[in-house]
Amino acid sequence: MSAANAAAFARETIGGRMSACGATSGFDYMRICLALAVLSWHAVPITQGREAADALLDGLLGPPVRLILPMFFALSGFLVTASLFRTPSIRVFLLFRALRIGPALAVEVALSALLLGPLFTTLALGTYFTAPDFFRYFTNAVGIVNYELPGVFADHPVTAVNGGLWTVPYELECYIALTVLYLLSFMRRPYFLLGATLAGGFVVGAMSFMPAISALGAEGANPFNYQNALDASVQPRRILVLSFLAGAVVYLFRERLTLNPLYAALAVVLGLALLTSPFLYGFAPLPIAYATVYLGLLNPPRHKLVLSGDYSYGVYLYAFPIQQMVYALGPGQSALANAALSTLAAALFAVFSWRLIERPALALRKRFTPKPGPA
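Numbering (my numbering), first residue to last: 2 to 376.
See the structure below:
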């Protein structure tokens, strides 16, 4: 490589990489790796309880675990914002998001209530199908989270049928926030969005000074709860929305942000340092988002499995209930065994979800995409 080419490469921006490479494979690999990381982490509380997960978070495993969900949401914020600007209208954008999330989520919820529940409940089927918790469980399909089915996994260390669904309301909040910011023209003004994200970081950090607010609501349902091992983070859940917005900020500044491995490494270190700070963790999403996008814009060869579909959403949807079933069939198993066995089963369900639910639903988008006129 000549000195001129090396200098040009060193100054390559995020936007330049996107223009040169198009849809890079790094994002595909990141989605599936992050989904599997969540599965692996959940194996700890599922097999050993929340106390064991708390202990691990206090050790060397804590820092990388704390990165998983902010990276997931930052990645989503970057890609979804790119999708927003490719979509002809905000209404069509919201419809596309509904098609991406809704059908697969509804099918998973129905399968859990109508198939998994009857197979694993300790109650008589008549009692199961008439219990209020059975009917309430279907609200998960619209983002109103209810974790338990009657008599199902009641003797497990964690009783939730699908504890992973706790992030769905926050994902919906992300789309609402993005829509509002778009209508306020913040999405056309990068510095406005950056300011809003920083202000949000300040507010989230300020919550540490407001114990009265943190005391609101029941344990496990409080959005400002600072310690919840099952959620794989020790920061308030609102940081996920900030991570999404940080991903959007990186997209808006894509022509000004240089891709640099040293910057990415420093961003990870800074993000981890901020995440562990009692009052500054609200500012962690911005460096985490930069590092996430840097990794996503790497372009290793695509494996044929990656080429065949996006299976990360299916892994996310089915992993937790599968892990609970695996534990029910072999109580006392290790977290490693649970994660290994569940990964295989979750992969099969992810293929089912992509090929029979998600891909056909996404195909409906063509009906709402304007066809190019004659030249």
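Don't be surprised by glycine CBs; every beta carbon is placed ideally from N, CA and C.
Using a Cβ-Cβ cutoff of less than 8 Å, which residues in the same chain neighbour cysteine 22 once the five nearest sequence positions on both sides are dropped? Counting only Cβ-Cβ distances below 8 Å, and skipping sequence neighbours, we find Leu298, Asn300.
Are the CB atoms of alanine 161 and tyrosine 148 nearer to each other than 8 Å? Contact: yes.
In whole angstroms, give me the CA-to-CA distance for valine 242 and tyrosine 295. Distance between the alpha carbons of valine 242 and tyrosine 295 is about 20 Å.
With DSSP collapsed to three states, give me the class of threonine 259. Strand at threonine 259.
Supposed contact pair alanine 340 and methionine 106 - C-beta distance, whole angstroms, cut 8 Å: One point to set straight first is that residue 106 is leucine, not methionine, in the sequence displayed. About 23 Å separates the two Cβ atoms, so there is no contact after all.
Alpha helix (DSSP H) segment containing leucine 243, residue limits: Membership of leucine 243 in the alpha helix (DSSP H) is indicated by the continuous run 240-253.
Out of curiosity, what's the CA-to-CA distance linking arginine 92 and proline 104? In a straight line, the C-alpha of arginine 92 is about 18 Å away from that of proline 104.
Sorted by chain position, which residues of the same chain lie with C-beta nearer than 8 Å to phenylalanine 79's C-beta, five sequence neighbours on each side aside? Gly248, Ala249, Val251, Tyr252, Ala290, Thr293, Val294, Gly297.
Run through DSSP, which three-state label would threonine 123 get? Looking at threonine 123 - three-state DSSP - the assignment turns out to be coil, as it is neither helix nor strand.
I need the DSSP call for threonine 14, collapsed to helix, strand or coil. DSSP places threonine 14 in strand when its eight states are reduced to three.
Which residues in the same chain have their Cβ closer than 7 Å to the Cβ of valine 146, if we skip the five residues on either side of it in sequence? Excluding residues within five positions, the ones whose Cβ falls inside 7 Å are Leu166, Trp167, Val169, Pro170.
Roughly how many angstroms lie between the CA atoms of arginine 137 and threonine 82, to the nearest whole one? Distance from the CA atom of arginine 137 to the CA atom of threonine 82, rounded to whole angstroms, is 33 Å.
Ignoring anything shorter than 4 residues or poking outside the stretch 276-334, list the alpha helix (DSSP H) runs there in chain order. Those alpha helix (DSSP H) runs which fall completely within the stretch 276-334 and span 4+ residues are 286-297, 305-308, 313-330.
Top-ranked residue by Cα proximity to serine 313, from Gly16, Leu184, Ala38: The candidate whose alpha carbon is nearest that of serine 313 is Ala38.
Is it right to say leucine 231 is buried, meaning 16 or more other beta carbons lie within 10 angstroms of its own, or is it exposed? Because leucine 231 sits at a pLDDT of 34, beneath the cut-off of 50, its placement in the model cannot be relied upon, and the point is left open.
Which whole runs of the alpha helix (DSSP H) in the stretch 11-84 are 4 residues long or more, in chain order? Within the stretch 11-84, the runs of alpha helix (DSSP H) at least 4 residues long that lie entirely inside it are, in chain order, 15-22, 26-49, 51-58.
Touching or not, the stretch 176-186 and the stretch 256-275, by the rule of three or more beta carbon pairs under 8 Å? Short answer: they don't touch.
Rounded C-alpha distance that separates alanine 213 from isoleucine 240: Note that alanine 213 scores a pLDDT of 41, beneath 50, so its modelled location is shaky; the value from the coordinates is reported in the next line. So the alpha carbons of these two residues sit roughly 19 Å apart.
Is alanine 285 near the ligand MN - that is, is its Cβ less than 7 Å away from at least one heavy atom of it? Of the ligands one can find in the structure shown there are none, so the ligand MN has no counterpart to examine.
Does DSSP put glycine 144 in a helix, a strand or coil? Correct three-state label for glycine 144: coil.
DSSP three-state call for glutamate 149: helix, strand or coil? In the structure shown, glutamate 149 sits in coil (DSSP, three-state: anything other than H, G, I, E or B).
Quick one: give me the first and last residue of the alpha helix (DSSP H) that valine 181 is part of. 169-184 is the extent of the alpha helix (DSSP H) around valine 181.
Note down the Cα distance separating proline 158 from alanine 54, rounded to an integer number of angstroms. Distance from the CA of proline 158 to the CA of alanine 54, rounded to the nearest whole angstrom, comes to 11 Å.
Please report the straight-line C-alpha distance between phenylalanine 284 and arginine 366, rounded to a whole angstrom. Going by the C-alpha atoms only, they are around 36 Å apart.
Rank Ser20, Phe187, Gln324 by C-alpha distance to the C-alpha of serine 343 and give the top, closest one. The option with the nearest alpha carbon to serine 343 is Gln324.
Classify phenylalanine 203 as buried or exposed, calling it buried when 16 or more other Cβ atoms lie within 10 Å of its own Cβ. Counting C-beta atoms within 10 angstroms of its own C-beta, phenylalanine 203 has fewer than 16 neighbours from the protein chains shown and is therefore classed as exposed.
Limits of the unbroken alpha helix (DSSP H) element including phenylalanine 353: Element bounds for phenylalanine 353: 336-354.
Rounded separation between tyrosine 129 and alanine 346 - CA only: Taking the straight line joining both Cα atoms gives about 26 Å.
Is valine 110 helix, strand or coil when you go by DSSP? Assigned with DSSP and collapsed to three states, valine 110 falls in helix.
Which of helix, strand or coil does DSSP assign to glycine 374? With a pLDDT of 48 at glycine 374, under the threshold of 50, the modelled position of this residue cannot be trusted; read the value that follows with caution. Reduced to three states, the DSSP call for glycine 374 is coil.
If I'm right that leucine 76 touches arginine 18 with Cβ under 8 Å, what's the distance once you round it to whole angstroms? Contact doesn't hold; Cβ gap of about 15 Å is too wide.
Which residue's Cα is closest to the Cα of glycine 50: Leu100, Pro332, Ala351, Ala348? If you compare the alpha carbons of Leu100, Pro332, Ala351, Ala348 with that of glycine 50, the shortest gap goes to Pro332.
Reference cysteine 175, options Ala338, Thr198, Asn163, closest by Cα: Of the candidates Ala338, Thr198, Asn163, Thr198 places its Cα closest to the Cα of cysteine 175.
Answer yes or no: do alanine 338 and valine 316 have a C-beta to C-beta separation smaller than 8 Å? Note that the C-beta distance between alanine 338 and valine 316 is not below 8 Å.
Excluding sequence positions up to five away, which residues of its chain have a Cβ less than 8 Å from the Cβ of leucine 330? Excluding sequence neighbours, leucine 330 sits near nothing in its chain.
So histidine 400 packs on glycine 164, CB below 8 Å; how close in whole Å? No information on residue 400 is available, as it lies outside the stretch 2 to 376 that the chain covers here.
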